[in-house]
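**Student:** Below is a structure I'd like to ask you about.
Number of protein chains: 2
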Amino acid sequence: MPAVAKTSRQDILRTAEDLLGQRGEEGVTFLQIAKRCGVKGPSLYKHFPDREALIHELEVRAFAQLGNQLSAAPQSVIGLASAFLSFASLNPGPYSLLFKSGDPSLPTEAIRPVLVLLENILGNREEALTRARVIASFLHGYALMERSGAFRLGGDPAACVAVGLKLIVPEASGTN
Amino acid sequence: MPAVAKTSRQDILRTAEDLLGQRGEEGVTFLQIAKRCGVKGPSLYKHFPDREALIHELEVRAFAQLGNQLSAAPQSVIGLASAFLSFASLNPGPYSLLFKSGDPSLPTEAIRPVLVLLENILGNREEALTRARVIASFLHGYALMERSGAFRLGGDPAACVAVGLKLIVPEASGTN
DNA sequence: GTCTATAGCTAGATAGAC
DNA sequence: GTCTATCTAGCTATAGAC
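Here the protein sequences line up with chains A and B, keeping their order. With the working numbering, you'll find the first sequence wraps up at 722, consecutive numbering, no jumps. With the working numbering, you'll find the second sequence wraps up at 722, consecutive numbering, no jumps.
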């Protein structure tokens with residue numbers, strides 16, 4: 547059988563994620579992916595119908611990957627926050643897809659551990675949602691500022707993470 | 547005198563800012579700007595040497611605009627935070643340029659009011675810097691999530707802003 | 001499944017007429 | 001200051017040979 551497979555769906559997706567982290571969404575082109583996978587551009591159409599399908603697949607994977615990390619992490623405020631920031635730092639490509647609006651299918655699921663934990667700590671569902679939003683905003687903003695080098699006033703920016711979490715969920719102190 | 551001016555530096559910059567807010571940085575092309583300004587692409591090179599110069603000008607303007615808003619706002623935690631979020635909401639184009647790393651020239655200046663206020667409230671320079679970072683991360687993350695529609699669990703997302711600020715700077719309660 | 005060839009589009013930028 | 005014409009380059013996508 548001629549035409550031996552030089553690449554694969556997995557290979558393409560991993561390569562696309564690297565490209566996404568290095569050059570942003572506009573940098574994820576079939577031509578560049580193909581080059582890195584050792585094939586020519588048009589070959590990728592045997593694996594994905596078009597670029598949009600590839601991007602959508604990356605989004606689905608990103609939510610699944612984050613969900614896995616959060617599920618496997620210590621179920622404490624610090625534990626979940628650390629897992630979230632690690633994911634953002636180690637997987638900048640997938641992470642950048644998490645907050646891009648789009649279809650509201652599985653997004654909710656990935657964050658569930660945070661909501662469950664806060665409900666346990668606070669004993670109030672509505673308050674838990676509000677705090678979860680404060681934490682999500684804080685961590686998301688921190689992850690982006692950290693990555694873009696926006697903390698320009700010296701000292702140790704990372705120190706503000708633990709401080710911020712303690713301020714936002716004082717009820718968890720000592721329990722973590 | 548032939549060749550009457552159909553557009554201007556200001557017109558181009560405003561148009562570029564609109565485009566930036568609507569289509570992102572990659573959407574800011576000389577061709578699109580020209581179309582909206584009623585001229586042809588090459589005409590823009592009479593106003594800016596190249597695309598990079600235009601983008602840089604947009605960055606400088608963005609920091610200046612934010613600085614003006616923060617200086618003119620009530621110098622309280624709520625006042626400055628509201629001004630920041632208003633700027634982000636009303637000027638999505640310029641706002642998107644604020645956290646893109648790049649040259650560390652004037653960025654520091656725009657944020658000064660926040661630092662000054664927190665030093666007054668906390669009486670501790672180092673603690674003020676840490677809290678400022680927590681607030682900046684929180685507001686930046688909130689602004690982006692709000693804009694991208696990332697708050698998908700119902701209720702009123704905006705409610706978490708006041709709650710978050712009170713948690714992060716409890717010392718300011720009653721003073722605002 | 002890979003390839004070459006190609007079509008169609010958009011972008012940045014320059015040259016030179018008016 | 002604006003225009004047309006042009007160049008280079010990169011992208012998406014399709015057709016058809018192997």
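Where is the CB? At the ideal position from N, CA and C, for every residue including glycine.
In terms of residues, what are the limits of the alpha helix (DSSP H) holding B/Y641?
**Tutor:** What you label residue 641 of chain B is simply residue 95 of the second sequence in a count that begins at 1. B/Y641 -> alpha helix (DSSP H) spans 638-643.
**Student:** Considering only the alpha carbon of each residue, which of A/R555, A/E717, A/V660, A/N670 lies closest to A/N614?
**Tutor:** In the first sequence, the residue the question calls residue 614 of chain A occupies position 68. Nearest C-alpha to A/N614: A/V660.
**Student:** Does the Cβ-Cβ distance between B/V623 and B/L668 come in under 8 angstroms?
**Tutor:** For the purposes of this step, residue 623 of chain B is identified with residue 77 of the second sequence, where counting begins at 1. For the purposes of this step, residue 668 of chain B is identified with residue 122 of the second sequence, where counting begins at 1. For B/V623 and B/L668, no; Cβs fall outside 8 angstroms.
**Student:** Does DSSP put A/L699 in a helix, a strand or coil?
**Tutor:** Your numbering for residue 699 of chain A matches position 153 in the first sequence. In this structure, A/L699 counts as coil in the three-state DSSP scheme.
**Student:** In whole angstroms, what separates the C-alpha of A/T561 from that of A/F576?
**Tutor:** Numbered from 1 along the first sequence, position 15 holds the residue referred to as residue 561 of chain A. Numbered from 1 along the first sequence, position 30 holds the residue referred to as residue 576 of chain A. Looking at the two C-alpha atoms, the distance is approximately 10 angstroms.
**Student:** Against B/R679, what residues of chain A qualify as contacts under a CB-to-CB distance less than 7 angstroms, listed in chain order?
**Tutor:** In the second sequence, the residue the question calls residue 679 of chain B occupies position 133. Under the 7 angstroms cutoff, chain A gives F697, P703, C706.
**Student:** How many angstroms separate the CA atom of B/F645 from the CA atom of B/P716?
**Tutor:** Here the question's residue 645 of chain B lines up with position 99 in the second sequence. Here the question's residue 716 of chain B lines up with position 170 in the second sequence. Near 27 angstroms, if we compare the C-alpha coordinates of B/P716 and B/F645.
**Student:** Identify each residue in the stretch 593-610 of chain B for which the Cβ-Cβ distance to at least one residue of chain A is less than 7 angstroms, and report them in chain order.
**Tutor:** Per Cβ criterion, the list is empty.
**Student:** Taking the alpha helix (DSSP H) that A/V660 belongs to, which residues open and close that run?
**Tutor:** For this step, residue 660 of chain A is matched to residue 114 along the first sequence. Unbroken alpha helix (DSSP H) run through A/V660: 653-668.
**Student:** Could you confirm whether any beta carbon from chain A is found closer than 8 angstroms to the beta carbon of B/T553?
**Tutor:** Taking the first residue of the second sequence as position 1, residue 553 of chain B is located at position 7. Chain A, which has no Cβ nearer than 8 angstroms to the Cβ of B/T553, makes this no.
**Student:** At a cut of 8 angstroms, does the stretch 696-716 of chain A reach the stretch 647-655 of chain A through at least three beta carbon pairs?
**Tutor:** Contact between the stretch 696-716 of chain A and the stretch 647-655 of chain A is absent, because fewer than three Cβ pairs lie under 8 angstroms.
**Student:** Mind pulling the chain A residues with CB within less than 8 angstroms of B/S632?
**Tutor:** For the purposes of this step, residue 632 of chain B is identified with residue 86 of the second sequence, where counting begins at 1. Within chain A, no residue comes near B/S632; the closest Cβ sits about 16 angstroms away, beyond 8 angstroms.
**Student:** So A/K581 is in the alpha helix (DSSP H); what residue range does that whole segment cover?
**Tutor:** Start at 1 with the first residue of the first sequence, and residue 581 of chain A comes out as number 35. Note, A/K581: alpha helix (DSSP H), 576-583.
**Student:** Using 8 angstroms as the limit for Cβ to Cβ distance, is B/L675 near chain A?
**Tutor:** Residue 675 of chain B sits at position 129 when you count from the first residue of the second sequence. True, the Cβ-Cβ gap to chain A drops below 8 angstroms.
**Student:** Would you tell me roughly how many angstroms separate the C-alpha atoms of A/A599 and B/A674, rounded to the nearest one?
**Tutor:** As a position in the first sequence, residue 599 of chain A is number 53, starting the count at 1. As a position in the second sequence, residue 674 of chain B is number 128, starting the count at 1. Straight-line Cα distance between these residues: approximately 47 angstroms.
**Student:** Buried or exposed for A/A618, please, with buried defined as at least 16 other CB atoms from any protein chain shown within 10 angstroms of its CB.
**Tutor:** The residue given as residue 618 of chain A occupies position 72 in the first sequence. Exposed is the call here.
**Student:** Going by C-alpha distance, which of B/R698, B/S683, B/V606 is nearest A/P653?
**Tutor:** Locating residue 653 of chain A in the first sequence gives position 107, counting from the first residue. Taking only the C-alpha atoms, the option nearest A/P653 is B/R698.
**Student:** Which of the residues in the stretch 557-580 of chain B, read from start to end, lie with their CB under 7 angstroms from any CB of chain A?
**Tutor:** Result list: E572.
**Student:** How is the alpha helix (DSSP H) around B/A562 delimited, first residue to last?
**Tutor:** In the second sequence, residue 562 of chain B corresponds to position 16, counting from 1. It spans 555-569 - the alpha helix (DSSP H) in which B/A562 sits, taken as one unbroken run.
**Student:** Figure out for me which residue from B/I579, B/G570, B/E563, B/L713 has the closest Cα to the Cα of B/T553.
**Tutor:** Translated into the one-based positions of the second sequence, residue 553 of chain B becomes position 7. Considering only alpha carbons, the answer is B/I579.
**Student:** Name the chain B residues whose beta carbon is nearer than 9 angstroms to that of A/S647?
**Tutor:** What you label residue 647 of chain A is simply residue 101 of the first sequence in a count that begins at 1. Going along chain B in sequence order, the residues near A/S647 (Cβ under 9 angstroms) are R693, S694, G695, A696.
**Student:** Between A/F630, A/D557, A/L685, which has its C-alpha nearest A/L616's C-alpha?
**Tutor:** As a working note, residue 616 of chain A is residue 70 in the first sequence. Considering only alpha carbons, the answer is A/F630.
**Student:** Alpha carbon to alpha carbon, how far is A/A634 from B/N666?
**Tutor:** Locating residue 634 of chain A in the first sequence gives position 88, counting from the first residue. Locating residue 666 of chain B in the second sequence gives position 120, counting from the first residue. Going from the Cα of A/A634 to the Cα of B/N666 covers about 34 angstroms.
**Student:** Along chain B, in chain order, which residues have C-beta atoms closer than 9 angstroms to that of A/P653?
**Tutor:** Locating residue 653 of chain A in the first sequence gives position 107, where the first residue counts as 1. Near A/P653 (Cβ distances below 9 angstroms), the residues of chain B are A696, R698.
**Student:** Any C-beta of chain B sitting closer than 8 angstroms to the C-beta of A/V662?
**Tutor:** Against the first sequence, residue 662 of chain A aligns to sequence position 116. It does not: the Cβ of A/V662 has no partner Cβ on chain B nearer than 8 angstroms.
**Student:** Strictly under 8 angstroms for the Cβ-Cβ distance: is A/L668 near chain B by that measure?
**Tutor:** For the purposes of this step, residue 668 of chain A is identified with residue 122 of the first sequence, where counting begins at 1. No, its Cβ sits nowhere closer than 8 angstroms to a Cβ of chain B.
**Student:** If we cut at 8 angstroms on Cβ distances, does B/A682 have a partner in chain A?
**Tutor:** In the second sequence, the residue the question calls residue 682 of chain B occupies position 136. Yes, B/A682 counts as interfacial toward chain A.
**Student:** Can you list, in chain order, the residues of its chain with a C-beta nearer than 6 angstroms to that of B/L612? Leave out the 5 residues immediately preceding and following it.
**Tutor:** Here residue 612 of chain B is taken as the residue at index 66 of the second sequence, counted from 1. Hits under 6 angstroms: F633, A656.
**Student:** Could you tell me if B/A682 is buried or exposed, where buried requires 16 or more neighbouring beta carbons within 10 angstroms of its beta carbon?
**Tutor:** What you label residue 682 of chain B is simply residue 136 of the second sequence in a count that begins at 1. When all chains shown are included, B/A682 counts as buried.
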